[in-house]
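In my numbering, each number is its position in the sequence shown, counted from 1, plus 1.
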Amino acid sequence: MKLRQKISAGMGIYKSILLKKKIPVAVRWELTFRCTNRCQYCSLWKGPFPHELTKDEIFRITDDLARSGTKRISLSGGEPMLRADVGEIINYIAGKGISVSMNTDGVMVADRASELQALDLVKISVDGDEKTHNFLAGNKNSYQQAVSAARAVRNIGVPLIFTTTMTKYNLDKIDYLVNLAREYDAMVAFQPFKVMYKGVSAENGLLPNPAEMRLAINRIIELKKVYPKNIRNTMLSLEHIINWPKFSFVKCRAGQIFFIINPDGTLLPCDRADGYTHTNFPNLKNMSINEAINGLPTVICNGCGFLGALELNYIASFKIPRQVVKVLDYLTKK
């Protein structure tokens, strides 16, 4: 995300807060629920698969988002690389001046890297060393696919982040993952496991022991002090998740400044919430983004440790003044 885009996004967030107006500053767009992995902490790959928006429908909705103040779109899934037109979608979004990133398990990235050059960031899922990752991904080729993708992304000069879902099976892999990020001149983002709407049960054996999770997060904090450029989590977010599964209160802006779009065009405030007052969600195939936003249900949630949402909430709550100071300092030197 370029500096001017960051400043513009920040202005959009504060405009939303000060005017008490819903603005889709940040959007995660799940292009498909189809996936090549069979991750134990997700059940989207089991189906049913909704009818996916066509390329022309995605372009039309992108135009509407641009007019409505969207500054950042993260393409996700499922696996977005399974769409043959993902390169065209990336280029179209970027052409609207919107910062665009992509979440992927790495499949086909090495073969289609030229289609990803307009991305501002690629996020590749890696949950441990090869044995651990393949076990959690349910795919014996997943790790090699991920590191091949990482090499391809670095070769085209796009920034790279490895994303890790913390379960009981990989809490002892923190050092390995930080070293992997160092090897690829990248970052790693640690996300604590949460039972979500996606059909994953608390009884599936993934839940870590809270004491062991705390030890793992303390280790991340130690490594953050040594390798700050290789760990995506801020100290503020690490302090927030250290008491997992209980989280300190941070006012959530889901449905105000950030939103989720499902493959069929359904709009959600968040897909990590504990529940909603109703389930009649608006669909962007049938209405504008502003009409859909006003028809969204209220989010009911006890909090989460999802890094992207956390940092947007911190910005909206004026809790990161140091970042503002750094931006101003950067601008005055230019």
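A virtual CB, placed ideally from N, CA and C, is assigned to each residue, including glycine.
message = Less than 6 angstroms between C-beta atoms, sequence neighbours within five positions excluded: which residues of the same chain meet that for Thr164?
response = Lys124, Ser126, Ala190
message = Excluding the 5 residues flanking Lys195 on each side, which residues of the same chain have their C-beta closer than 8 angstroms to its C-beta?
response = Pro246, Arg273, Cys305, Gly306, Phe307
Residues that Lys56 bridges to, as DSSP identifies them = Looking at the DSSP assignment, Lys56 forms no beta bridge with any residue, so it has no partner.
message = Can you confirm whether Lys230, when its beta carbon is compared against all beta carbons of chain B, has any partner nearer than 9 angstroms?
response = No chain B appears in this structure, which consists of one protein chain only.
Inter-residue spacing [alpha-carbon to alpha-carbon] between Ile242 and Leu207 = 17 angstroms
message = Could you tell me the alpha carbon to alpha carbon distance between Ile91 and Leu268, rounded to whole angstroms?
response = 20 angstroms
message = Looking at the secondary structure, which residues open and close the beta strand (DSSP E) in which Glu31 lies?
response = Taken as a continuous stretch (DSSP letters only), the beta strand (DSSP E) holding Glu31 covers 27-31.
request  = List the residues that DSSP assigns as beta-bridge partners of Thr105.
outcome  = According to DSSP, which records beta bridges pairwise, Thr105 is partnered with Ile125.
query = Once you ignore the five residues that flank Ala138 on each side, which residues in its own chain have a CB closer than 6 angstroms to its CB?
reply = Asn38, Cys40
query = Rounded to the nearest angstrom, how far is the Cβ of Ile14 from that of Val26, given a contact under 8 angstroms?
reply = Yes, Ile14 and Val26 are in contact; Cβ-Cβ is about 5 angstroms, under 8 angstroms.
ask   = Quick one: any contact between the segment 63-82 and the segment 141-148, if contact means 3 or more CB pairs under 8 angstroms?
value = Cβ pair count under 8 angstroms is below three, so no.
inquiry  = Does Ile258 come out as helix, strand or coil in the three-state DSSP assignment?
reply    = coil
key: Straight-line Cα distance separating Ile218 from Trp46   = 29 angstroms
request  = Can you check the segment 149-201 for any beta strand (DSSP E) of at least 3 residues that lies completely inside it and give the ranges in chain order?
outcome  = 161-167, 188-193
inquiry  = Classify Ser1: buried if its beta carbon has 16 or more other beta carbons within 10 angstroms, exposed otherwise.
reply    = As displayed, the chain neither begins before 2 nor continues past 335, which places residue 1 out of reach and without an answer.
query = Apart from the five residues on each side of it in sequence, which residues of its chain come closer than 6 angstroms, Cβ to Cβ, to Val159?
reply = Leu120, Val123
query = What is the residue span of the alpha helix (DSSP H) that Arg354 lies within?
reply = Because the chain spans 2 through 335 in this model, residue 354 falls outside it and cannot be assessed.
inquiry  = Assuming contact is defined by CB atoms lying nearer than 9 angstroms, are Lys286 and Leu32 in contact in what I supplied?
reply    = no
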